[in-house]
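Quick note: the sequence shown uses the UniProt record's numbering, first residue 1, plus one each step.
Each remark here refers to the structure printed beneath this line.
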Amino acid sequence: MFARLGRVVVRHPVWTILAWLVVAGALVALAPSLKTKSDQQDFLPTKYESIQAAKLAESAFANKDDQKTAPAMIVIKRSDGGRLQPADGAKIKQVAQALQAKHIPGVTVAQAMPAAANGKIQVIAVPLRNDFDQKIRQQGMDAVKKLRTETTAQLRGSPLSYGVAGDMASSVDNEKADKQTMAMIGIATIALIVILLGIIFRAPLAALLPIIMIGLVSMVSNAVTAIVGNAFNLNFDKGFNEIIVVVLYGIGTDYILFLLFRYRERLRLGEDKKTAMIVAVDRVGEAIASAAGAVIVAFLVLLLASFKAFGGLGPQLAIAVAVMFVTSLTLVPAVISLIGTAVFWPSKSWKKPARAGLWAKLGNGVGRRPVVAVAASGLVLVVLAISALGFKADYDFEGSAPQNTESAKAMKDLRSSLPAGILSPTEVFVKSGSPLAKPALAEYQTKLKSMPGVGEVRPPQLNPDQTVAKYDVLLTKNPNSNEAINVVKGPFRNAAHAAAPSGTTVLVGGTTAVFADINKINNRDLSVILPVAVALIGIILMLLLRSLVAPVYLVAAVLLGYAATLGASVLLFQNIENKPGLMFQLPIILYLFVLAIGTDYNILMIARLREEAREGHDPRRGAALGIQHAGPTVAAAGVILAGTFSVLVLSPQSMTAQIGFGVGIGILLSAFVMSAFFVPAITALLGHKAWWPGHGDAAREVPPPQDPMADAPYAPSGSRY
1 MFARLGRVVV
11 RHPVWTILAW
21 LVVAGALVAL
31 APSLKTKSDQ
41 QDFLPTKYES
51 IQAAKLAESA
61 FANKDDQKTA
71 PAMIVIKRSD
81 GGRLQPADGA
91 KIKQVAQALQ
101 AKHIPGVTVA
111 QAMPAAANGK
121 IQVIAVPLRN
131 DFDQKIRQQG
141 MDAVKKLRTE
151 TTAQLRGSPL
161 SYGVAGDMAS
171 SVDNEKADKQ
181 TMAMIGIATI
191 ALIVILLGII
201 FRAPLAALLP
211 IIMIGLVSMV
221 SNAVTAIVGN
231 AFNLNFDKGF
241 NEIIVVVLYG
251 IGTDYILFLL
261 FRYRERLRLG
271 EDKKTAMIVA
281 VDRVGEAIAS
291 AAGAVIVAFL
301 VLLLASFKAF
311 GGLGPQLAIA
321 VAVMFVTSLT
331 LVPAVISLIG
341 TAVFWPSKSW
351 KKPARAGLWA
361 KLGNGVGRRP
371 VVAVAASGLV
381 LVVLAISALG
391 FKADYDFEGS
401 APQNTESAKA
411 MKDLRSSLPA
421 GILSPTEVFV
431 KSGSPLAKPA
441 LAEYQTKLKS
451 MPGVGEVRPP
461 QLNPDQTVAK
471 YDVLLTKNPN
481 SNEAINVVKG
491 PFRNAAHAAA
501 PSGTTVLVGG
511 TTAVFADINK
521 INNRDLSVIL
531 PVAVALIGII
541 LMLLLRSLVA
551 PVYLVAAVLL
561 GYAATLGASV
571 LLFQNIENKP
581 GLMFQLPIIL
591 YLFVLAIGTD
601 YNILMIARLR
611 EEAREGHDPR
621 RGAALGIQHA
631 GPTVAAAGVI
641 LAGTFSVLVL
651 SPQSMTAQIG
661 FGVGIGILLS
671 AFVMSAFFVP
681 AITALLGHKA
691 WWPGHGDAAR
701 EVPPPQDPMA
711 DAPYAPSGSR
721 Y
């Protein structure tokens, strides 16, 4: 199959390239815009209590402005850090009046609130429309920019300074930071790939080829993603944009690298450039197809996630990998067929036989002492895996955002001067089929005050027909902290339901309740996604290897690699950097990347081990040769992919930085510990049993020489036949 594909592409490289350009142009031109969302609540199923509470708030208080708005909070303090003076308070009221008089679009009221109890800050609250429609959000963001300009002008020459906090202000600040981060990550990723490929091949064309190819693939992938998203009404979380870019460049470079290494190997064996490319496509095609299939399946399993952000991420990643897979076996061979050996210019190393270097020595060591190799590599993975037991989930999105922005600094000033829960109160709704009795509501308020984690309960607000009441409950802990989430998830919710007035239904909502439900969803998703992904990848390995034994230890090795990766992340962020926890999405993301990419490298190595066995080598000699030949490819691919993911550490978003480190270290463990030593050593120990029952390792009889271009209507240039 892959030999036939290689022959077609090599015979018609120009037509292949033109077909690609036409299809790519049509897809990009016809694709709709990509639908993205960024609100966590928008990604939760409606069956969860916090979402039901939000729906009730929307329907019961539809005419109340505070249900449709979120305030931009202008936090004002003295520049010298002292307490506000009476003259300062008068100036702040004057600023509020001036802002309201400016008639800024989207701003109807600017109200000076009482100074904080410690006298350090005073807030001007400016309600802005709180809607996730892009036009309304843009109006709110524009209003924040105008508020900043006008407030700066009003406070000029005074002893006061300010900062604007709130959802819209954070969006303004993070939008700029996100653009800068994307640009930085893109530049760093490209530079890293070019430098590493330049070192590996010492050839500028070989270094630049993946960048050019992946640039085209990126446009096609985005277009296909938009078309699929529009057809199936999928929403994508724009917080994952950096990850998509890195995946595309990392995995794309890996696939091109697999092809270039095998192409160079065939040239060194004396084959002409066309024959070498056909054989390269034939030999690596099955491995790339199986590896891509494992990655795509692992990513598509995310569709089973209840957390819809993952449901959107899965297809995005799967489409990117699928497009890259097709490109690596069609467009890339076609381009290299036209360029020929000039792809390695000015280096002449492709003409020289490969020297028995470091990987030959390592391979011989594993072949002679496979037990030592298994024990040493296994010990590294187990020691790191133990640390995974200390994993703690963190749900503080605010804390994960850049802390050097104006909105983050203003929010810090707010939190230092106001009660912990005042900025994100937990909302308790009491619903009845008839008007609620005020004595019963007063009694319920008293009960709420005595419940776990509660600092203050504000009087209830009633909807117009008085069938729904809403209490704002201020928690004693930071609403985004694990302590607050654990209280709301269990003790507080249970107590609020148990104390509900007779004949009523109680729903607990608000930011903390949303995170409590995300915690439940995340645990559920882990319990579903992980075993399904393992089972499907195991099936792919069984089909590839026609074995029941090898897939078992390959999957077990990847699971151990995942635990080691999570453990390494816990060691760095929780134990060394003293973070309260790792972002709650990390276990699923790490699992899928390490599982998929670890399987990627295992497939490349096990396919080579099988190839060596088919050549008649005994298991230990086959392991030595497999490491010698596949080790450099796996190592180079691992360094490049880990390097591209490590670029994410540059992101000011701590979640993205954690993903960058975690996936990067996971890939290095997969390449240099698991695939290079652990898997070949186990295969050497098991020998012929590893391939049971299909025994795909059986030595093949040497067939008569046959030109791979035999069915072509011409003999290729330089053919020996």
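Beta carbons are placed, not taken as given, at the ideal position from N, Cα and C, and that holds for glycine.
9 angstroms Cβ cutoff met for residue i and residue j
i: G581; j: D394; result: yes
i: A557; j: M674; result: yes
i: residue 771; j: S407; result: There is simply no residue 771 to check, as the chain begins at 1 and stops at 721 in what is shown.
i: V366; j: I603; result: no
i: W692; j: S569; result: no
i: L211; j: I190; result: Per the sequence presented here, residue 211 reads as Ile, with Leu not at that position. Taking 9 angstroms as the Cβ cut-off, I211 and I190 qualify as a contacting pair.
i: L329; j: L259; result: yes
i: L590; j: Y553; result: no
i: P71; j: V126; result: yes
i: N480; j: T511; result: yes
i: S417; j: I121; result: yes
i: I588; j: L685; result: no
i: A110; j: I74; result: yes
i: A607; j: L544; result: yes
i: L317; j: L216; result: no
i: T565; j: V594; result: yes
i: A294; j: L559; result: no
i: A681; j: M605; result: no
i: F325; j: A636; result: no
i: V478; j: G421; result: The question names Val, but residue 478 is Asn in the sequence shown. Contact: yes.
i: L248; j: I214; result: yes
Residues of its chain near residue i, where Cβ-Cβ distance is below 6 angstroms and the 5 sequence neighbours each way are ignored
i: D282; result: F2, A3, G6
i: L592; result: A298
i: Q445; result: V457
i: A550; result: A690
i: G694; result: R546, S547
i: N463; result: A60, F61
i: V343; result: L205, A206, I336
i: G538; result: P551, V555
i: L536; result: V297
i: G643; result: L192
Classification of residue i by the beta-carbon crowding that lies within 10 angstroms, buried from 16 upward
i: V468; result: buried
i: W359; result: buried
i: V14; result: exposed
i: H103; result: exposed
i: G363; result: buried
i: H617; result: buried
i: I576; result: exposed
i: K176; result: exposed
Coarse secondary structure for residue i, derived from DSSP in three states
i: R524; result: helix
i: T152; result: helix
i: S170; result: helix
i: G252; result: helix
i: E577; result: coil
i: D465; result: coil
i: residue 764; result: This structure does not reach residue 764, given that the chain is present from 1 up to 721, and the question cannot be answered.
i: E456; result: strand
i: T189; result: helix
i: G660; result: helix
i: F307; result: coil
i: T599; result: helix
i: S432; result: coil
i: A203; result: coil
Close-in-space but distant-in-sequence residues of the same chain around residue i (CB under 7 angstroms, 5 per side omitted)
i: K489; result: A516, N519
i: F645; result: V246, G250, G660, V663, G664, I667
i: T341; result: L267, K273, W350
i: R493; result: V508
i: Q154; result: V95, A98
Same chain, Cβ closer than 8 angstroms to residue i, five either side skipped, listed in chain order
i: P708; result: With a pLDDT of only 40 at P708, under 50, the local geometry of the prediction cannot be trusted, and the value read off the model is given with reservation. Answer for P708: A3, G6, R7, T275, I278, V279, D282, listed in chain order.
i: L30; result: A223, I227
i: V532; result: V301, L304
i: G314; result: F299, L300, V301, L302, L303, A305
Exercise for review: Counting only runs of 4+ residues fully inside the region 332–416, write out the alpha helix (DSSP H) ranges in chain order.
Suggested key: 358–368, 370–386, 397–400
Review point. Counting only runs that start and end within the region 464–518, where is the beta strand (DSSP E) found for 3 or more residues in a row?
Key: 468–475, 505–509
Point to revise | Runs of beta strand (DSSP E) lying entirely within the region 62–141, each at least 3 residues, in chain order | key: 69–78, 121–129
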